[in-house]
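So the structure is just underneath, and the comments pick up after that.
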Amino acid sequence: MKFEELKIILKRLYKDHVNRYLNRIFLSLFLSLIVSLSTSAIAWLLDPAVKKIFIEKNQTYAWVIPLAIIIAFSSKGICLYLARILLIKTGQEISGELQTKVAKYILNTDIATIEKKHSGKFISNINFDAGQVNSLCSTGILNAMKDSMTLIALVGVMLYQNWKLTLFALIMMPLAAGLAKSLGKRIGKAVSEAGEISGRLTAHLSEILKASKMIRIYQKEEFEFQKSKNIIFEMVNKGAKISSIIVRATPLMEILTGFMIAGFIFFSGSLISSGELQVNQFFSFLAAMMLAYQPIRSLATINMVVFSGAAGAKRIYKVIDQPISINNDQGLPDLKPSTGNIKFSKVSFKYENSNDKAIKDINIDIKGGSMAAFVGHSGAGKSTIINLLPRFYDPQNGEIYIDGQNTKSINLKSLRRSISLVSQDVILFDNSVKENILYANKDASEEEFFESCKFAAADEFIKDLPQKHDTLIGENGIRLSGGQKQRLSIARAILKKSPIILLDEATSSLDAESEEVVQSAIKNLTKNKTTLVIAHRLSTIHNADKIFVIKKGILIDSGTHKELIKDCDYYKLLYEKQLK
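Following our numbering from start to finish, the sequence shown increments by one per residue and tops out at 1180.
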């Protein structure tokens, strides 16, 4: 990371987050000042201690100086503790703010952006990268304040004792600064790479947890284990590299310190021999110099913390700075649904990762309160049409209307409030049955809740669960069958009471018995609602008011089942294939 880029990131971090905590930082600065003065006082007190107690044998100083040393150590310990508590809290809160921004972005951005990046990498942004920023805003700020002031105070003590020795001791400081600059560049690069590996590791672990059955049935345990081991070892090696860069400063500082102390003792001997330095001054100076070792070492590695934190912040900003192409404009009017008429006018759409259009010049009119079905081979564009209505994606060409209102010209939340979705991929949360159904409407009454369960035929199996409606169903409803999960999804949609229903192959993965129950629940859900259905089994849409036949993204025909069997060869072929 170049210095100019580092400066921009730190300025933004200060402007967006740190400046709100300046009162805590200034209080920590004051406490750090007390720490530095206490540390320097400990070194200075050795001068009168040696002279008054050991040389002059003054009995008064024999108890005054030890008491002063106790006070100095106590004030240092208490103030350092308070400063750390303040900045640890500050770092955690700033980290939390960044994590919240990432979470908010994930929840508000468009689906296309979410699909570009693996979920594990978003998790890494929240866990790993925010943690790096936390270290910068807590440990980094505290060490920068405390150690710089402590070093200044101790250098003051050294100057007070003997300016010639001080000049000799200061030779070490530019060497330490040069060392820190060199190591800082290396650790910044290593931490950036570690962040990328962390994202890949989280993504991989997420996949093997979701695909546990698939891995076992294809006997890929060893393959996935080796893949996991490689990524983990890569992460371990990168962590070891970062640690080695950090600790590399220690032996180099030790060697520099060794040369400095050896030279210092030699030089001090000549000064004592010439009478320019007293023994008591020597011990006080030596104590100050040895106490200065810790802040010098800390300041030599402070830029490593800065580079690491800035690298983490950079990756987070890269996520949250991406523009949201489909967002909720509060200034737009709410959708005013009346009959529920839907119209697609010359709509075309292409996915970013594809060269071909998913749908081309689609013109559709759906009467309010009717059921419209979409049929065609897999990949024909049926799901694309369904996904365009609630604006999961926006078409590149054409317009979509609900009761004459352009979906792009109305408030996004009001649009989605009017639409319910039941798909073959049921999404349930690791919570109770009740909480999953109430997800559609947290303010629903008990009567509305039980009514939705009854209409969805969910009450038939809920009554047999261990804790009835309060039974925890596990991650994505793992403790329920496919039919049971689908009925909960339908109950949730019923509770939403939206005028438009989207059914995306809602019964395609169910057995005949479960499908019969779910179809009955769907009838209750779609009664007097505008319903768009993607049907896997054509036998389930005989009674649709209108069927649209899609082939390679093009609408080739429409009509009732009887009309299409008679007039549309492609539909007839699809139907006959399923009968066979």
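Yeah, the Cβ is synthetic: ideal placement off N, Cα and C, and Gly gets one too.
- Query: Whose C-beta lies closer than 7 Å to the C-beta of TYR621 among residues of the same chain, with five residues either side of it excluded?
  - Reply: THR690, listed in sequence order.
- Message: Alpha carbons only, please: which of LEU1125, ILE771 and GLN659 is nearest the one belonging to PHE859?
- Response: ILE771
- Query: Across which residues does DSSP place ALA973 in a beta bridge pair?
  - Reply: VAL1133 and ILE1147
- Could you check where the alpha helix (DSSP H) with VAL879 kicks off and where it finishes? Per DSSP, VAL879 is one residue of the alpha helix (DSSP H) stretching across 879-920.
- Task: Look up GLN930 in the DSSP assignment and give the residues it is bridged to.
- Result: Partner(s): none; GLN930 has no beta bridge.
- Exposure of GLN930, with buried meaning 16 or more beta-carbon neighbours within 10 Å: exposed
- Item | Per DSSP, the bridge partner or partners of VAL618 | Residue pairing by DSSP places VAL618 opposite no residue, since no beta bridge is assigned to it.
- Task: Return the Cβ separation of ALA730 and SER695 in integer angstroms, given the expectation that the two are a contact with Cβ distance under 8 Å.
- Result: ALA730 to SER695, Cβ: 4 Å. Contact.
- Message: With H, G and I counted as helix, E and B as strand and the rest as coil, what does DSSP make of ILE1062?
- Response: helix
- Task: Rank GLY839, ARG816, ASP747 and ASN623 by C-alpha distance to the C-alpha of ILE797 and give the top, closest one.
- Result: GLY839
- Query: Using the C-alpha atoms, what's the distance from PHE630 back to LEU1021?
  - Reply: 58 Å
- Message: At 4 residues or longer, what runs of the alpha helix (DSSP H) sit wholly inside the region 977-1003?
- Response: 982-988
- Item | Residue nearest to VAL919 in terms of C-alpha spacing, selected from LEU698, ARG612, SER983 and ASP956 | Cα-wise, what sits closest to VAL919 is LEU698.
- Same chain only: Cβ atoms within 8 Å of GLU952, ignoring 5 sequence neighbours per side: Sequence-distant Cβ neighbours of GLU952 in its own chain, meaning closer than 8 Å and more than five residues away, are ALA712 and LYS716.
- Task: Kindly indicate the opening and closing residues of the alpha helix (DSSP H) around ILE694.
- Result: 659-708
- Is ASP1059 near the ligand ADP, judged by its Cβ being under 7 Å from some heavy atom? The ligand ADP is not among the ligands present in this structure, which contains no ligands whatsoever.
- Message: I'd like the span of the beta strand (DSSP E) that includes ASP961, first residue to last.
- Response: 959-966
- Query: Between the C-alpha atoms of ILE845 and LEU856, what's the straight-line distance to the nearest angstrom?
  - Reply: 17 Å
- Cα-Cα separation between ALA790 and ILE726, rounded to whole angstroms: Rounded to whole angstroms, ALA790 to ILE726 spans 19 Å at the Cα level.
- Query: Is it true that the CB of LEU736 sits closer than 8 Å to the CB of GLY909?
  - Reply: yes
- Message: Can you give me the C-alpha to C-alpha distance between LEU613 and HIS977, rounded to a whole angstrom?
- Response: 51 Å
- Look at the Cβ atom of TYR1175, then the Cβ atom of VAL1149, and state whether they are nearer than 8 Å. no
- For ASN762, does the three-state DSSP call read helix, strand or coil? Correct three-state label for ASN762: coil.
- If you draw a straight line from the alpha carbon of HIS1136 to that of THR1126, how long is it in whole angstroms? 18 Å
- Query: From what residue to what residue does the beta strand (DSSP E) around PHE949 run?
  - Reply: For PHE949, the enclosing beta strand (DSSP E) covers residues 942-949.
- Query: In the structure shown, what three-state DSSP assignment does GLY1159 receive?
  - Reply: Strand.
- Item | Burial state of SER898, where buried means 16 or more other Cβ atoms lie within 10 Å | buried
- Nearest-angstrom Cα separation, counted from PHE864 out to LEU751: Rounded to the nearest angstrom, the two C-alpha atoms are 18 Å apart.
- For the region 996-1052, which segments carrying the beta strand (DSSP E) assignment without a break, of at least 3 residues, lie completely within its bounds, in sequence order? 997-1002 and 1019-1023
- Query: How big is the Cα-Cα spacing for CYS679 and LYS701?
  - Reply: 33 Å
- Going by alpha carbons, who is nearest to ILE655 out of SER868, LYS960, LYS810 and VAL879? VAL879
- Task: Find the nearest neighbour of TYR681 within the set ILE653, ALA794, LEU627 and ALA1091, judged by alpha-carbon distance.
- Result: For the residues ILE653, ALA794, LEU627 and ALA1091, the minimum Cα distance to TYR681 belongs to LEU627.
- Item | Residues that DSSP places opposite LEU1102 in a beta bridge | LEU1021 and LEU1132
- Tell whether a beta-carbon distance below 8 Å holds between ALA643 and SER884. yes
- Determine the closest residue to SER970 out of ALA811, LYS746 and THR1130, with distance taken between C-alpha atoms. Its Cα nearest to that of SER970, the residue THR1130 stands out among ALA811, LYS746 and THR1130.
- Query: Can you list, in chain order, the residues of its chain whose CB lies under 7 Å from that of THR939, leaving out five sequence neighbours each side?
  - Reply: GLY968, GLY969 and ASP1003
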